[in-house]
Amino acid sequence: MDDKTRIEQWFIAYGSDVHHFLAYYTGRSRAEDLVQDVFVRALKGNRKFQGRSSPKTWLISIARRVAIDDCRKRRRSGLLPLRLLGERKAPESTPEELAIHRQDVADAYRTVMKLKRTYRDVLFLRVMQQLSAAETAEVLGWTTARVDVTLHRAIRKARSIHGEQEGGDWNAEGIERR
Numbered sequence: 007m008d009d010k011t012r013i014e015q016w017f018i019a020y021g022s023d024v025h026h027f028l029a030y031y032t033g034r035s036r037a038e039d040l041v042q043d044v045f046v047r048a049l050k051g052n053r054k055f056q057g058r059s060s061p062k063t064w065l066i067s068i069a070r071r072v073a074i075d076d077c078r079k080r081r082r083s084g085l086l087p088l089r090l091l092g093e094r095k096a097p098e099s100t101p102e103e104l105a106i107h108r109q110d111v112a113d114a115y116r117t118v119m120k121l122k123r124t125y126r127d128v129l130f131l132r133v134m135q136q137l138s139a140a141e142t143a144e145v146l147g148w149t150t151a152r153v154d155v156t157l158h159r160a161i162r163k164a165r166s167i168h169g170e171q172e173g174g175d176w177n178a179e180g181i182e183r184r
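Note that my numbering gives residue 73 to position 67 of the sequence shown, counting from 1, and the numbers run on in steps of one.
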């Protein structure tokens, strides 16, 4: 199979995952343009893909670098999305409960934005993208031990920051060991 066909198949299979990653990671409507950049880079570097990881993991690692490069171009730190900390669909409840849910998510966003980039990266990949520790390690070019330690530290730091802000407790739901 030629390179172009392979990348087209991957676009069909993983394009929405890459788009979601970029939309969450950048928090902007630039995700469409960045998706194109990811697949252009993948096409150019396709010969480097050796199959040691899944195509999805490889593409997300490219997407991460594209997002970081885009943030640097704009001289802004990379912002993670409002939904970083595992916001699932808002509960279908009363308007008051929905307002409380939205406020909780906004609080989580403010807390996470105070974390350093490595902490945000690990939280995002493990919680929002629901990647395993091994997949996260592949994306970041780390060991699984470093992913686990960094995740633990990120959660501890987020709890500390949130406690200082609110006097409350912070919880990162959705993380499970795989």
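Using N, Cα and C, we set each Cβ at its ideal position, and we do this for glycine too.
Computed from a predicted model, the values in this text were never measured in an experiment.
Secondary structure at S67: helix, using DSSP grouped into helix, strand and coil. In this structure, DSSP gives S22 a helical state, which the three-state scheme calls helix.
Pairing I161 with G147, the inter-Cα distance amounts to about 21 Å. Assignment of S60 by DSSP, reduced to helix, strand and coil, places it in the coil class. When the five nearest sequence neighbours on each side are left out, the beta carbons in the same chain lying within less than 8 Å of the beta carbon of G51 are those of I68, in order along the chain.
By the CB criterion at 8 Å, I66 and V24 fall inside the cutoff. The three-state reading of DSSP puts F55 in coil, since its state is none of H, G, I, E or B. The beta carbons of L131 and V118 sit no closer together than 8 Å. For Q42, the secondary structure class from DSSP, reduced to helix, strand or coil, is helix. Relative to the Cα of D9, the nearest Cα in the group K54, Y30, D39 belongs to K54.
For the pair I13 and L49, the CB atoms are nearer than the 8 Å cut-off.
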